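The opening residue of the sequence shown carries number 143 in this note's numbering; numbering runs sequentially from there. See below for the structure under consideration.
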Amino acid sequence: MTDLKPLDLGIKWYDWILSSIIFVLIVLFVSIILDRLFSRQPTFDHFRDVLLFTLVFRVFYQRQKEYEAYEKTAGVLTKVMNLLSKRFGK
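In structure tokens:
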């Protein structure tokens, strides 16, 4: 019996968490600078909106990476099926 391993997407959970934290800090820093330029005081609602935007962006980014990994897997499976069909004459 063979051991089946899950599809490795190349993204470890700690990389995802670290990059999310860095992204939140960058977005927060830029938004605070923009608020200062337009003479607005950052509020709790503003920080909540920034965090919500970051979460939505990260989820879509993660889904895109998964889609690319599945697309590569499908490409490899197509090549294997083509080779098998040539080998067995169908």
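Even glycine gets a Cβ: it sits at the ideal position worked out from N, Cα and C. Owing to the predicted nature of the structure, the values given are computational and were not obtained by experimental measurement.
{"Query": "Kindly give me the distance between the Cβ atoms of Val166 and Thr196, rounded to whole angstroms, as I take these residues to be in contact under 8 angstroms.", "Result": "5 angstroms"}
{"Query": "What number of angstroms, rounded off, separates the C-alpha of Val198 from the C-alpha of Arg205?", "Result": "11 angstroms"}
{"Query": "DSSP state of Gly217, grouped into three classes?", "Result": "helix"}
{"Query": "Would you report the Cα separation of Glu210 and Asp191, rounded to the nearest angstrom?", "Result": "29 angstroms"}
{"Query": "Less than 8 angstroms separating the beta-carbons of Arg200 and Ser227?", "Result": "no"}
{"Query": "Quick check: the Cα distance between Ile159 and Thr215, rounded to an integer number of angstroms?", "Result": "25 angstroms"}
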